[in-house]
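These notes are about the structure you will find just below.
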Amino acid sequence: MDEIIIRRPDDWHVHLRDGAMLEAVLPYTARQFGRAIVMPNLAVPVTTSALASDYRRKILKALPDEKAFKNFIPLMTCYLTDETSASDIGQGYADGVFTAAKLYPANATTNSAHGVTNINALNAVFEKMQDIGMPLLVHGEETDPEVDIFDREAVYIDRVLTLLTQKFPKLKIIMEHVTTKDAVDFVRTQKNQVAATITAHHLMLNRNDIFQGGIHPHLYCLPIAKREVHRLALREAATSGDTCFFLGTDTAPHPLSDKEASCGCAGIFTAVNALELYTQVFDEENALEKLEGFTSLYGPTFYGMDLNEGHVTLVREKFRIPGSIPVSDGSSIRPFKAGQTLGWKLKY
Ligand code: DOR
Ligand code: ZN
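Position 331 of the sequence shown, counted from 1, bears residue number 472 in this note's numbering, the numbering being contiguous throughout.
Right under this line is the structure:
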């Protein structure tokens with residue numbers, strides 16, 4: 142197969158940031174994907190429907206003035222805190238501002254200091270979300286400093302998610318960016334209620350890659366890449382045709398100077414070649430016929446949305462990933478696999 146045509150995909154997990162960074166990264170997502178679930182972890186987190194409306198307006202304004210970008214729909218999320226009110230969440234969802242709510246355990250990752258410290262404080266919010274069918278997106282990592290960084294996802298499943306699914310059996314949960322076999326197994330046993338997004342980078346990296354011949358800050362993200370056995374479990378899940386696994390890049394741009402620093406930020410910027418990266422993985426797994434389900438069908442189905450109109454075409458063609466993406470404030474961002482060659486190219 143040298144050409145593959147799939148229904149236009151969606152990205153169920155992106156960081157678009159704001160200001161100059163938003164302008165630099167948005168076109169890459171908007172030209173490949175019909176819709177994207179936009180993460181709310183800005184420096185001032187998107188905690189209310191008023192802030193989400195504002196942010197959505199900024200995103201739409203930042204779209205390039207060309208037809209190829211104009212059909213893109215940003216889907217907004219609410220950043221949950223210990224103070225989130227069930228009625229604001231319900232109203233924001235009813236008004237079509239919020240598509241989902243995002244649970245960051247406090248201090249689990251970038252800009253999560255205002256996240257949830259006490260999950261029981263949110264019982265009324267989860268009750269409401271369960272009633273109205275609003276999905277809960279979870280950054281599933283235990284933040285107890287005693288827990289080893291490589292075990293945080295598995296421990297979070299045991300300590301939090303298992304109980305949450307029992308307490309709110311009708312609450313739709315999406316475990317974001319799963320990185321372990323433990324998560325794949327958990328999602329499969331709960332698949333009527335729980336789904337998971339899988340990033341391209343977690344399909345391509347194991348933890349050795351981060352330290353191969355020296356430390357590679359551009360391969361550092363959270364949850365951190367795990368052992369090879371886990372990467373293989375993710376590849377199996379993504380290419381299995383199981384409808385509980387779908388595309389979410391977690392593309393997370395940071396200025397180069399924030400990555401290449403004595404304390405570098407977590408985040409891998411995959412938006413530039415997102416679809417091509419996934420296609421390469423599916424090709425390596427001899428599973429190109431399973432690509433469209435993962436990229437374009439299972440996500441909207443779990444969210445209860447229509448499929449996108451239109452299609453995109455990928456061709457087998459070698460090309461080089463750019464080394465750097467400029468930002469108008471003078472900074473730059475380094476794409477995942479910068480300067481390396483990929484074997485599938487999206488036709489524009
Ligand atoms: O690596 C990550 N970067 N993981 C996250 O959960 C957040 C993200 C970011 O916002 O940079
Ligand atoms: Zn993320």
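We put the beta carbon where it would ideally sit given N, CA and C, even for glycine.
Which residues bound the alpha helix (DSSP H) around T306?
T303 to K308
V468 classed as buried or exposed, judged by whether at least 16 other C-beta atoms fall within 10 angstroms
buried
The stretch 181–194 touching the stretch 417–433, judged by at least three CB pairs closer than 8 angstroms:
no
Under the assumption that M162 contacts Y196 (Cβ atoms under 8 angstroms), give the Cβ distance between them as a whole number of angstroms.
13 angstroms between Cβ atoms; not a contact.
Strand pairing of F460, partner residues [DSSP]:
Per DSSP, L483.
Any heavy atom of the ligand ZN closer than 7 angstroms to the beta-carbon of H342?
no
As an exercise, report each continuous alpha helix (DSSP H) stretch of at least 4 residues that is fully enclosed by the stretch 211–283, in chain order.
The stretch 211–283 contains these whole alpha helix (DSSP H) runs: 227–235 and 264–273.
Could you give the uninterrupted runs of the beta strand (DSSP E) lying entirely in the stretch 174–199, keeping only those of 3 residues or more?
176–179
Helix, strand or coil: how does DSSP classify F477 here?
coil
Start-to-end residues for the beta strand (DSSP E) that takes in T338:
V335 to I339
Measuring only from the beta carbon, is C404 closer than 7 angstroms to any heavy atom that is part of the ligand DOR?
no
Going by C-alpha distance, which of T225, V413 and F213 is nearest Q481?
V413
Just to confirm, does T251 get its C-beta within under 7 angstroms of one of the non-hydrogen atoms of the ligand DOR?
yes
List the whole-angstrom C-beta distance separating T306 from V288, where the pair is believed to meet the contact cut-off of C-beta under 8 angstroms.
At roughly 20 angstroms, the Cβ-Cβ gap does not stay under 8 angstroms, so T306 and V288 are not in contact.
Going by Cα to Cα distance, which pick from A366, I315 and E377 is closest to L277?
I315
What separation, rounded to the nearest whole angstrom, lies between the Cα atoms of F239 and I462?
Rounded to whole angstroms, F239 and I462 show a C-alpha spacing of 34 angstroms.
Alpha-carbon spacing of A324 relative to R176, whole angstroms:
25 angstroms
Those runs of the alpha helix (DSSP H) which lie wholly inside the stretch 393–449 and span at least 4 residues:
397–400, 415–425 and 439–444
Could you tell me if the beta carbon of A235 falls within a distance shorter than 7 angstroms of some heavy atom in the ligand DOR?
Result no, Cβ not under 7 angstroms from the ligand DOR.
Hey, out of A295, N261, D272 and I474, whose CA is closest to E282's CA?
Among A295, N261, D272 and I474, the Cα nearest to that of E282 is on A295.
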